[in-house]
Every structure is written in C-alpha cells, then in structure tokens.
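Numbering (my numbering), first residue to last: 69 to 315.
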C-alpha cells in the first residue's frame, strides 16, 4: 500500500521504535511507516488502517507492537475474533496486562458477555493502572447491559472515579456511560444530570453528551446547509395550462 511522502517512520512512539531495532534497518523503517499509517487512519478510515496493519504484520509478525497495532485495527473494523487473537499474541510476547480491558470487550463483541465479566473479576485487573481499571469497569457495565441487567450495570459504574470532582481523561466517558445506563433504565432526570456532567468534562468532544442533553431538553438542531438547500429548491409557481392558454 502506498505511503505518503510526509511519513518518515520517525513519528512512532520511542518504545515502539526501540522494539523495531531488532529488525534490519530498512525493514524497520518500512514497518514503522506502516504503523504510522495505522495510527493516522484508525479513527477516520479504519478499513485503510486495517490494510496497513496487515502489511506491517506480514513484515514483522514477531514484534509485539505490530501485533498490538494489528489488533486495534481489526477491533476498529469489528473483526473481534481476529483482534482478540492479535491482542493475545502481543500479551504473550510482553507479559503486559494493559490490553486486558480491550480483550474483554472483544469477548463482548463476539457475543460472550459472561466471559467479559469473568475477565473483569480476574487477578489481572488489579495490575492495571487507574485508566485501565476504569476501562475495565466500562466493559463490565457494557457486558451487564448486553445481558439486560440494567440495574447491575448502573451499580457497576458507581465508583470513586465517577464521583470524583477532578476531570481525568476517562471522566467524560465514564459519566456518559452512567447517564446512558440511567436513561435506559427510565431514570430520565438523573440521566440528564449526568449527561450534563459528562458534557462539562468532555473538552475534546470524545462523546456526544451535549447532543444527548439537548435531545432530553427537547432542543432540535437544524442544519443550516440543508435549510439553504431546501430554500434553493423552491421554484416560482408556474401558471397552469388553463391560465397559459390563449382565448
């Protein structure tokens, strides 16, 4: 797959660059460029990112960072079985538990919420950092919802991190998940409160909490572009055939 000229491979994380040092220099550069493309495209063009990940995987399947990137690219394309296999391979190579939450979410994607809950209670969770533990809580709550256990999902999300006044990278998503669960349970007033709190914490627009809040308040947004197009579609009424006929 073509690599844009502005991609040098130097853009990758220093830890990944260090992993690639086990490869011949030219090969390491090619792999690095493909990993840069995966990172660049994964949000806007997940299918394209997946393509570059497969190239990197073909070139260096024994590098943990490559297996991890391939896992995330597959995950972004909802190829959960493939993603889980790649994450497991990366974990075997490194012994790291950081991928545990996303591995559990792959189990959800494969229709196995019970397995995801088992993973939420595993010893590996205690080894996660705070962000990882919050992510695991979100996955566990999602699994509860998959099983139509709304009350249990709500309780799962009730945590010190949810109640904390300080805003952390995970705060908006945690509050949003809690609000969404409350709304699904018919607790609209509480849901509105937490969507507002999620919107307040969401500085980078990672959720649509503001839109959900406006929806609950009955606010409707009109796309100005669509409105202008509709106005442009209006035509001057033409006389009927009878009016146009000469006497």
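Yeah, the Cβ is synthetic: ideal placement off N, Cα and C, and Gly gets one too.
Contact under 9 Å by Cβ, residue i with residue j
i	j	result
residue 95	residue 77	no
residue 140	residue 170	yes
residue 121	residue 134	yes
residue 202	residue 172	no
residue 174	residue 152	yes
residue 247	residue 229	no
residue 198	residue 236	yes
residue 125	residue 98	no
residue 188	residue 219	no
residue 267	residue 209	no
residue 88	residue 80	yes
residue 148	residue 157	no
residue 105	residue 84	no
residue 112	residue 138	no
residue 224	residue 244	no
Expected contact under 8 Å - CB spacing of residue i and residue j to nearest Å
i	j	result
residue 211	residue 260	Between residue 260 and residue 211 the Cβ distance is about 25 Å, and since that is not below 8 Å, they are no contact.
residue 281	residue 264	6 Å
residue 144	residue 117	6 Å
residue 181	residue 215	5 Å
residue 71	residue 93	That pair is no contact at about 17 Å.
residue 167	residue 136	7 Å
residue 123	residue 69	6 Å
Check whether the stretch 261–271 touches the stretch 229–246, counting contact only when three or more Cβ pairs, one atom from each stretch, lie closer than 8 Å. The answer is yes - the stretch 229–246 touches the stretch 261–271, with three or more Cβ pairs under 8 Å.
Kindly provide the ranges of any alpha helix (DSSP H) runs that are 4 or more residues long and lie completely inside the stretch 165–220, ordered along the chain. Taking 4 residues as the minimum length, the alpha helix (DSSP H) runs contained wholly in the stretch 165–220 are 168–177, 181–188, 198–214, in order along the chain.
Can you list the beta strand (DSSP E) stretches of 3 or more residues lying completely in the stretch 218–263, in chain order? None, since the stretch 218–263 contains no complete beta strand (DSSP E) of that length.
Alpha helix (DSSP H) runs contained entirely in the stretch 120–158, provided each spans 4 or more residues: If one requires a minimum length of 4 residues, the alpha helix (DSSP H) runs lying completely within the stretch 120–158 are 132–144, in chain order.
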